[in-house]
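**Student:** Quick one: structure below, then a few questions.
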Ligand SMILES: Nc1ncnc2c1ncn2[C@@H]1O[C@H](COP(=O)(O)OP(=O)(O)OP(=O)(O)O)[C@@H](O)[C@H]1O
Ligand SMILES: [Mg+2]
């Protein structure tokens with residue numbers, strides 16, 4: 666009798682709920698900007714590596730972009746072609762099933778896969794579609810200190826899923842004339858997530874990326890406007906243009922293992938320090 670009952674309960678419980686808890690409580694951070702090519706993936710990978718290498722944190726990188734650039738940046742293929750798309754399109758999927766280690770100690774990743782594209786459109790008709798990633802991360806949150814979600818360059822269902830699964834939003838932003846245009850759209854989605862979906866997502870910071878010190882006039886104009894709009898939410902750390910960052914991505918390595926004394930390595934190390942300080946000084950509760 667008891668055995669039959671256990672079998673029934675097992676059926677009701679998802680694989681996610683049957684996994685043991687890991688004893689940590691990850692802060693989840695969505696790295697997002699609908700503008701393409703502003704350094705979302707570069708920031709996710711190098712910030713994640715910085716947190717694990719210099720702060721000894723356990724970090725998970727979640728690739729929510731069907732382009733699969735996290736795996737490329739870390740020279741990894743999905744284990745058996747399995748990835749996060751499959752988790753999101755199945756009922757009761759768990760991220761824990763698709764986590765793979767990287768060459769950096771304490772840094773793991775979940776690759777994207779082809780069904781992530783299907784997930785973007787397939788989620789549209791599902792009840793509770795905004796909460797699927799959040800649920801799939803429940804156990805993973807207990808195994809990591811930080812989970813960084815690399816978002817696609819749009820504000821579709823996958824990005825909304827990432828926002829609802831996150832405590833904080835980190836917005837990489839280049840300092841070009843068009844940079845400010847997309848930010849309003851992001852803030853609208855944050856409002857929807859906060860008020861309509863009742864999830865307290867906070868802006869951790871806006872990060873100036875691809876800063877070109879030889880083009881100071883344009884850079885400073887845009888930077889001043891960002892400061893006006895975001896004041897203390899703008900990170901003091903800026904990420905300069907540095908071709909080593911590009912070369913490291915092509916070589917499939919975090920910048921610290923590719924060019925440890927480059928400007929890119931220094932900037933991302935400074936960012937990991939500033940980010941930790943910001944989060945540690947944030948004492949308000951982040952989960953509803
Ligand atoms: N600070 C930088 N200096 C030089 N090159 C950079 C820098 N940041 C990123 N890059 C390069 O710019 C390109 C775009 O960067 P990345 O892939 O991180 O942007 P993204 O916002 O994730 O793009 P997408 O919107 O396509 O996902 C890549 O080739 C990357 O190597
Ligand atoms: Mg990217």
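In the numbering used here, the protein residues as written are 666 to 953.
For every residue, glycine included, the Cβ atom is placed at its ideal position computed from N, Cα and C.
Owing to the predicted nature of the structure, the values given are computational and were not obtained by experimental measurement.
In chain order, which continuous runs of the alpha helix (DSSP H) of length 4 or greater are located wholly inside the region 750 to 823?
**Tutor:** 780 to 787, 797 to 801
**Student:** Is residue 839 near ligand 2, judged by its Cβ being under 7 Å from some heavy atom?
**Tutor:** no
**Student:** Roughly how many angstroms lie between the CA atoms of residue 936 and residue 832, to the nearest whole one?
**Tutor:** 18 Å
**Student:** Rounded to a whole number of angstroms, what is the C-alpha to C-alpha distance between residue 774 and residue 766?
**Tutor:** So the two alpha carbons sit approximately 6 Å from each other.
**Student:** With ligand 2 as the reference, list in chain order each residue whose Cβ lies under 5 Å from any of its heavy atoms.
**Tutor:** 705, 706, 734
**Student:** I need the DSSP call for residue 876, collapsed to helix, strand or coil.
**Tutor:** strand
**Student:** On the three-state DSSP scale, how would you describe residue 904?
**Tutor:** coil
**Student:** If you compare alpha carbons, which of 781, 755, 796, 691 is closest to residue 828?
**Tutor:** 796
**Student:** Roughly how many whole angstroms lie between the Cα atoms of residue 835 and residue 898?
**Tutor:** Within the model, the alpha-carbon separation for residue 835 versus residue 898 is close to 10 Å.
**Student:** With a threshold of 7 Å, establish whether the CB of residue 931 neighbours any heavy atom of ligand 1.
**Tutor:** For ligand 1, not one heavy atom lies less than 7 Å from the Cβ of residue 931.
**Student:** According to DSSP, residue 833 sits in a beta bridge with which residue or residues?
**Tutor:** Residue 833 is bridged to 694, 867.
**Student:** Around the Cβ of residue 811, are there at least 16 other Cβ atoms within 10 angstroms (buried) or fewer (exposed)?
**Tutor:** buried
**Student:** Since residue 799 contacts residue 759 with CB under 8 Å, what's their CB separation in whole angstroms?
**Tutor:** Residue 799 to residue 759, Cβ: 12 Å. No contact.
**Student:** Given that a residue counts as buried once 16 or more other Cβ atoms are within 10 Å of its Cβ, and exposed if not, what is residue 953?
**Tutor:** Since pLDDT at residue 953 reaches only 40, below the 50 mark, its modelled position is unreliable, and no value is offered.
**Student:** Looking at residue 874 and ligand 1, is the gap between the Cβ and the nearest heavy atom below 7 Å?
**Tutor:** Relative to ligand 1, residue 874 has its C-beta within less than 7 Å of a heavy atom.
**Student:** Starting from residue 932, trace the alpha helix (DSSP H) in both directions and tell me its first and last residue.
**Tutor:** 928 to 945
**Student:** Going by C-alpha to C-alpha distance, which of 945, 769, 854, 786 sits closest to residue 923?
**Tutor:** 769
**Student:** Apart from the five residues just before and just after residue 949, which ones in its own chain have a Cβ nearer than 7 Å to its Cβ?
**Tutor:** None.
**Student:** How close, in whole Å, do the beta carbons of residue 816 and residue 683 come, if the pair is a contact with beta carbons under 8 Å?
**Tutor:** No, residue 816 and residue 683 are not in contact; Cβ-Cβ is about 29 Å, not under 8 Å.
**Student:** Measure the CB-CB distance between residue 747 and residue 778 and report whether it falls below 8 Å.
**Tutor:** yes
**Student:** Who are the Cβ neighbours of residue 737 in its own chain at under 8 Å, not counting the five residues just before and after it?
**Tutor:** 914, 917
**Student:** Within this structure, are the beta carbons of residue 874 and residue 708 separated by less than 8 Å?
**Tutor:** yes
**Student:** I'd like to know whether the C-beta atoms of residue 809 and residue 691 end up nearer to each other than 8 Å.
**Tutor:** yes
**Student:** Where does residue 854 sit, in a helix, a strand or coil, going by DSSP?
**Tutor:** Judged by DSSP in its simplified three-state form, residue 854 adopts helix.
**Student:** Say whether chain D places a C-beta atom closer than 8 Å to the C-beta of residue 720.
**Tutor:** Among the protein chains of the structure shown there is no chain D, as only one such chain exists.
**Student:** Just the C-alpha distance for residue 727 and residue 735, rounded to the nearest angstrom, thanks.
**Tutor:** 8 Å
**Student:** Counting only the same chain and skipping the five closest in sequence on each side, list residues whose C-beta sits under 6 Å from that of residue 912.
**Tutor:** none
**Student:** Between residue 696 and residue 818, how many whole angstroms is the CB-CB distance? I'm expecting something under 8 Å.
**Tutor:** Not confirmed; about 11 Å, so no contact.
**Student:** In its own chain, which residues sit with a C-beta less than 7 Å from the C-beta of residue 654, not counting the 5 before and 5 after it?
**Tutor:** The structure shown has nothing for residue 654, since the chain only spans 666 to 953.
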